[in-house]
Each structure stands twice: as C-alpha cells, then as structure tokens.
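Chains as they are written, first to last, in our numbering: chain C, 5 to 232; chain G, 5 to 232.
This report concerns only the one structure given below.
There are 2 protein chains.
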Amino acid sequence: MGKGLETRERILAIAEMSVLAKGFGATSIDEVIAEAGITKSGFFYHFKDKNELARAMLLRYVEANNRVFDDVFGRGRQLSDDPLQAFLIGLKLLAEVMADLPHGHPGCLIASVCYQERMFDREVRAIAVNSVQGWNVRFRATLDEIAAQHPPREAVDLDTVADMMSCIVDGGIIMSKLMADPRRLEHQVLAFRSFVKMLFSPSPAVPAGQVSAPATRVDSSHVDPHLL
Amino acid sequence: MGKGLETRERILAIAEMSVLAKGFGATSIDEVIAEAGITKSGFFYHFKDKNELARAMLLRYVEANNRVFDDVFGRGRQLSDDPLQAFLIGLKLLAEVMADLPHGHPGCLIASVCYQERMFDREVRAIAVNSVQGWNVRFRATLDEIAAQHPPREAVDLDTVADMMSCIVDGGIIMSKLMADPRRLEHQVLAFRSFVKMLFSPSPAVPAGQVSAPATRVDSSHVDPHLL
DNA sequence: GAAAACGCTGTACCTGCGGTACGGTTTTTG
DNA sequence: CAAAAACCGTACCGCAGGTACAGCGTTTTC
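Shown next, in the form of structure tokens:
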C-alpha cells in the first residue's frame with residue numbers, strides 16, 4: 005500500500021469511528037485530521053468534500069462486511085453439503101465473529117446513513133440501498149436452496165426472512181451498543197438461527213447424520229456444539 | 005393545553021422530524037424555530053440547551069411508544085385468555101399499526117440516540133437505556149406467562165426473545181426507511197410473530213379450540229385471519 | 001385592580017466548524 | 001533528475017450554536 009492510500013485508509017478508519025459515535029453531521033473534520041496527524045489541506049487532497057468522504061466510508065464498510073459474509077457462509081458450505089446445515093453453520097460462525105469483537109460491534113454505517121439521509125446526496129443513499137439489496141438477494145438465494153430440500157413449516161415469505169437477517173443484525177447492533185453488552189448481538193444472531201432451524205426442520209424428531217464430514221480443518225474452534 | 009405547552013409540543017414535533025431525518029448534530033435550531041414560527045429567544049425559553057431538547061424529545065417518544073404497546077397488547081388480552089394467543093393478536097395489531105402510518109415509520113429516536121451517543125449527556129443515554137430495559141422486562145414477563153402454558157420447542161433464552169422484539173422493530177424501521185417501503189416493517193413484525201408462534205406451538209398438528217370466545221367486540225377490523 | 005409570572009421578541013455578540021482558495025514544500029516514483 | 005504525488009500553511013468566508021440581556025404584551029394570582 006502506497007503512502008497515499010495508507011493515509012486515506014487512516015482517515016477513513018478514524019472518520020468511521022467518529023461517525024458511528026457522534027453522527028455524520030457532528031463529525032468535525034478538524035477532529036479527524038488531528039487524530040490522523042495531518043492538516044486540513046491534506047484531508048481535502050484526499051476527499052474533495054464531506055460527501056466524498058461518506059461515499060468512500062460506505063464503500064469501505066460494505067466491502068468489509070461482504071468479506072465477513074463470504075468468509076462465514078463460505079466456510080459453512082465447506083462444512084456441509086446440505087444448504088440448511090451450511091447456512092446454520094454460517095450463522096453460528098457469524099455469531100462468533102460478532103462476539104469476538106474486542107469492544108463490541110462499533111455500529112452499522114448503513115443504519116447511520118439511514119438516520120441521517122438528508123445529510124447525503126443521492127449517490128451515498130444509492131450505495132446503502134444497493135448494498136442491502138445485494139445482501140437480501142444473496143440470502144434469498146440461500147433460502148431458496150434450503151426450501152427446495154426442506155419445505156418450510158410456516159408460510160413465510162422468503163424475501164422477508166432474508167430481510168430479517170439484516171434487521172436482526174442492525175437491531176442487535178443497536179441493542180448491544182445501547183446496553184454496552186456485546187453479547188446481545190451474538191444472542192440475536194443465534195436467535196435468528198433458531199428461527200431458520202425451526203422454519204425448515206420438518207418435525208420435533210430430529211433426523212441425524214445430515215452433516216457431511218468436514219473437508220476443511222476448523223481452526224481450533226470446535227464447530228459442532230449446537231449444529232442441530 | 006396552555007399556550008406555552010402548545011408551543012413546546014410544536015417545537016418537539018418539528019425537532020423530532022429533523023433529528024430523524026438529519027441526525028441530532030445536524031439539526032439546526034434556526035431551522036426548527038423558523039418552521040415553528042418563533043424566535044431563537046423563544047426556543048431557549050423552553051429549552052436551556054440542545055441537551056434539554058433531546059431529553060424532552062426522548063421522553064415524548066418513549067411515552068408515545070408505550071401508549072401504542074399498551075393499546076395493542078391490552079387489546080390482545082381482551083380478545084383471548086390464552087397468553088400466547090393474546091400476544092400473537094397484539095403482534096398482529098402492532099404490525100397493522102406500523103403499516104397504517106401514512107409515510108411509513110418516521111424512525112426510532114432510541115436508535116438515533118444510539119448512533120450519536122457522544123452528542124448527549126448521561127441523562128439522555130440513561131433515558132434511552134431505561135426505556136429499552138422497560139420494554140424488555142415487559143415482554144419477558146409476557147413470554148414467561150406463555151412459556152408456563154406452552155413449553156417452548158427450542159431452548160432459547162426468553163430474555164433474548166424479548167430483546168428480539170426491539171431488535172426486529174428497530175431493524176425493520178431501518179430497512180423500511182432505507183428502501184422507502186413501509187411494508188417491510190410490517191412484514192418483519194409478522195415474521196417475529198411467526199417465530200413466537202413456532203416457538204410455542206407444540207407440534208405441526210395444530211390443536212384447535214384454544215382461542216376463547218372474544219368477550220369484547222372488535223371494532224370493524226376482523227382480527228382472525230391468521231390467528232393460528 | 002395591581003403585581004407577578006408567563007411567553008415570548010429583538011439585538012448584539014462570541015466561538016467554532018465546514019468549506020474554499022492557493023501557493024509552497026517534501027516525498028515518492030519512474 | 002524530473003515529474004507527479006502527497007502533503008503543509010495561511011488566510012478567509014459564512015453559518016450555526018450558544019450567551020446575555022433588555023423589553024413587552026398577556027394571563028394568572030393575590
């Protein structure tokens with residue numbers, strides 16, 4: 005990474021923290037540059053105005069989020085051929101990732117943007133909307149796969165279930181932030197997991213042996229405490 | 005309502021709209037007073053500073069929210085003696101209330117505060133925390149009642165389920181605001197309702213006749229499309 | 001019916017921040 | 001070594017939050 009990109013990255017990280025703690029409108033450029041150890045001119049060299057900063061922040065955030073999703077649900081698929089099991093494993097891993105954040109989840113930039121829509125131009129809002137839509141279609145596709153093999157017990161719209169994923173995470177972040185209790189987010193993800201499990205599990209009697217042998221090694225963490 | 009309280013209420017309503025649309029830090033007093041038709045001095049007569057405005061706004065919001073909860077879940081209890089059915093009816097009514105908002109839910113002030121914590125003093129944050137905790141113990145008590153009669157099918161912590169209610173609503177508000185689609189919030193509440201239903205329903209075979217005869221008349225709206 | 005409290009208005013002023021402009025300087029890179 | 005990249009310094013504008021205080025009409029209270 006060149007020195008320019010490094011500084012840019014530092015600005016974005018600091019600004020994200022500030023935005024999540026105080027809101028975009030209350031985030032002062034002076035504070036950001038002081039913490040980043042640069043001058044105002046330096047800042048405006050990288051971002052022509054605050055909206056460009058917002059755009060870059062959002063893109064950075066969405067990308068990082070996508071990497072996490074790719075990681076946990078990709079691992080889920082590696083660990084089971086059954087789409088339901090794979091998704092449940094992914095959710096378990098996601099809950100673990102959320103729980104392992106040192107000071108709890110810092111906050112969701114999408115939610116922050118949502119609660120300050122008037123502050124941003126169309127492009128920023130479009131980035132937020134597209135990202136969420138992308139996650140929804142992603143999870144919707146997964147749910148379709150699952151439903152093909154496991155007929156859902158309740159007549160619930162799968163788009164709504166896919167949407168629920170984002171809602172639970174965003175709601176869980178708010179609760180864990182507000183209550184200063186990182187575990188709440190973890191619990192919410194696991195509760196959503198229970199919902200999915202119940203929705204696609206045919207009967208109280210549990211059919212065992214659907215989990216294929218793990219092809220990949222799992223790094224130190226035992227994955228199978230509550231798989232079914 | 006005295007003239008003073010009337011002006012105060014007008015200020016609070018306008019400020020709430022602005023805060024939900026732009027964030028607290030970006031909400032300008034000049035804009036609020038312009039819309040309220042008063043002067044700056046008039047504003048500072050009612051609120052000594054922005055933090056006092058925030059406190060009053062939050063209290064107003066929480067109170068309104070409590071009224072809605074009291075209303076829908078109170079009606080639920082009127083319509084069924086079974087705690088599960090009463091809760092499910094309440095959730096259905098809540099979803100309807102959410103769907104009937106003319107321009108969608110304007111936003112949750114608690115979430116807004118959460119994403120701008122650094123802007124507020126301890127008291128404001130305490131109000132937010134206490135309100136959410138109040139809702140959680142309320143729903144937890146309801147869930148305890150339900151669980152006493154309907155053993156839950158999954159080993160889920162009831163505190164987490166109670167928490168999930170707030171998460172779903174806050175998450176649903178974010179999604180519906182972001183996507184400009186008020187129905188998403190309604191769907192999320194109904195999805196949570198499905199979760200509760202599944203969690204406390206003993207088996208796929210539905211035992212009928214648990215709904216007691218409604219003692220109260222239902223005002224024009226037919227309550228029983230998807231009760232079980 | 002006078003006094004006090006209420007509900008504001010008007011003016012003036014200070015501070016800090018977002019943002020612009022622009023010339024100069026150092027650092028990196030081809 | 002030269003050019004591009006990555007900044008620094010300074011000076012400035014306008015707006016918003018916030019303070020201070022004097023005053024004024026209306027309503028309430030004794």
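Beta carbons: idealized from backbone N, C-alpha and C, even for Gly.
At a Cβ threshold of 8 Å, is residue i touching chain C?
i: G138 of chain G; result: no
i: Q192 of chain G; result: yes
i: M102 of chain G; result: no
i: L147 of chain G; result: no
i: E121 of chain G; result: yes
i: I93 of chain G; result: no
i: I42 of chain G; result: no
i: M21 of chain G; result: no
i: A151 of chain G; result: no
i: G176 of chain G; result: yes
i: A38 of chain G; result: no
i: I131 of chain G; result: no
i: I172 of chain G; result: yes
i: A58 of chain G; result: no
Using the three-state DSSP reduction, which class does residue i fall into: helix, strand or coil?
i: I42 of chain C; result: coil
i: R81 of chain C; result: helix
i: S205 of chain C; result: coil
i: S151 of chain C; result: One detail in the question is off: residue 151 of chain C reads as Ala in this sequence, not Ser. If DSSP states are grouped into helix, strand and coil, A151 of chain C belongs with the helices.
i: P211 of chain G; result: For P211 of chain G, the predicted model reports a pLDDT of 39, less than 50, meaning its position is unreliable; a value from the coordinates is still stated below. P211 of chain G: coil per DSSP, three-state reduction.
i: Y119 of chain G; result: coil
i: A58 of chain G; result: helix
i: G108 of chain G; result: coil
i: V76 of chain C; result: helix
i: K26 of chain C; result: helix
i: D174 of chain C; result: helix
i: D163 of chain C; result: helix
i: F47 of chain G; result: helix
i: F143 of chain G; result: helix
i: E158 of chain G; result: coil
i: F124 of chain G; result: coil
i: A19 of chain C; result: helix
When you compare each of the options to residue i by their alpha carbons, which one comes out closest?
i: I150 of chain G; options: G:S135, G:M202, G:S45 and G:M183; result: G:M202
i: N55 of chain G; options: G:V117, G:Q89 and G:D174; result: G:V117
i: L147 of chain G; options: G:A99, G:F48 and G:V165; result: G:V165
i: R188 of chain G; options: C:Y119, C:L162 and C:R81; result: C:L162
i: A175 of chain C; options: G:V160, G:Y119, G:N134 and G:R144; result: Strictly speaking, residue 175 of chain C in this sequence is Gly, with Ala absent from that position. Checked all of G:V160, G:Y119, G:N134 and G:R144; the closest Cα to G175 of chain C is G:Y119.
i: L182 of chain C; options: G:I37, G:T11, G:Q137 and G:A17; result: G:Q137
i: H154 of chain C; options: C:L88, C:E67, C:F48 and C:R142; result: C:L88
i: A145 of chain C; options: C:P186, C:V133, C:R157 and C:D167; result: C:D167
i: F48 of chain C; options: C:G41, C:I33, C:F143 and C:R59; result: C:I33
i: E39 of chain C; options: C:A17, C:S170, C:K52 and C:K26; result: C:A17
i: M123 of chain G; options: G:H191, G:G41 and G:A58; result: G:A58
i: V101 of chain G; options: G:E121, G:A115 and G:N69; result: G:N69
i: T31 of chain G; options: C:E20, C:E121 and C:S198; result: C:E121
At which residues does the alpha helix (DSSP H) containing residue i begin and terminate?
i: A184 of chain G; result: That residue, A184 of chain G, is in no alpha helix (DSSP H); it is neither H nor E in DSSP.
i: G98 of chain G; result: The sequence shown places Leu at residue 98 of chain G, not Gly. It spans P87 to A103 - the alpha helix (DSSP H) in which L98 of chain G sits, taken as one unbroken run.
i: A30 of chain C; result: Run containing A30 of chain C: none; DSSP gives neither H nor E here.
Taking Cβ positions only, does residue i come closer than 8 Å to chain G?
i: R157 of chain C; result: yes
i: G108 of chain C; result: no
i: D53 of chain C; result: no
i: G46 of chain C; result: no
i: L24 of chain C; result: yes
i: K96 of chain C; result: no
i: L63 of chain C; result: no
i: R188 of chain C; result: yes
i: A195 of chain C; result: yes
i: D125 of chain C; result: no
i: S84 of chain C; result: no
i: D167 of chain C; result: yes
Report buried or exposed for residue i, applying the criterion of at least 16 other Cβ atoms within 10 angstroms of its Cβ.
i: K96 of chain C; result: buried
i: A130 of chain C; result: exposed
i: R126 of chain C; result: exposed
i: H107 of chain C; result: exposed
i: T43 of chain C; result: exposed
i: Y65 of chain C; result: buried
i: L24 of chain C; result: buried
i: L105 of chain G; result: exposed
i: S22 of chain G; result: buried
i: L83 of chain G; result: buried
i: V210 of chain G; result: Confidence in V210 of chain G is poor, its pLDDT being 39 and thus under 50, which makes the residue's placement unreliable; the coordinate value appears in the next sentence. Answer is exposed; the Cβ neighbour count stays below 16.
i: N140 of chain G; result: buried
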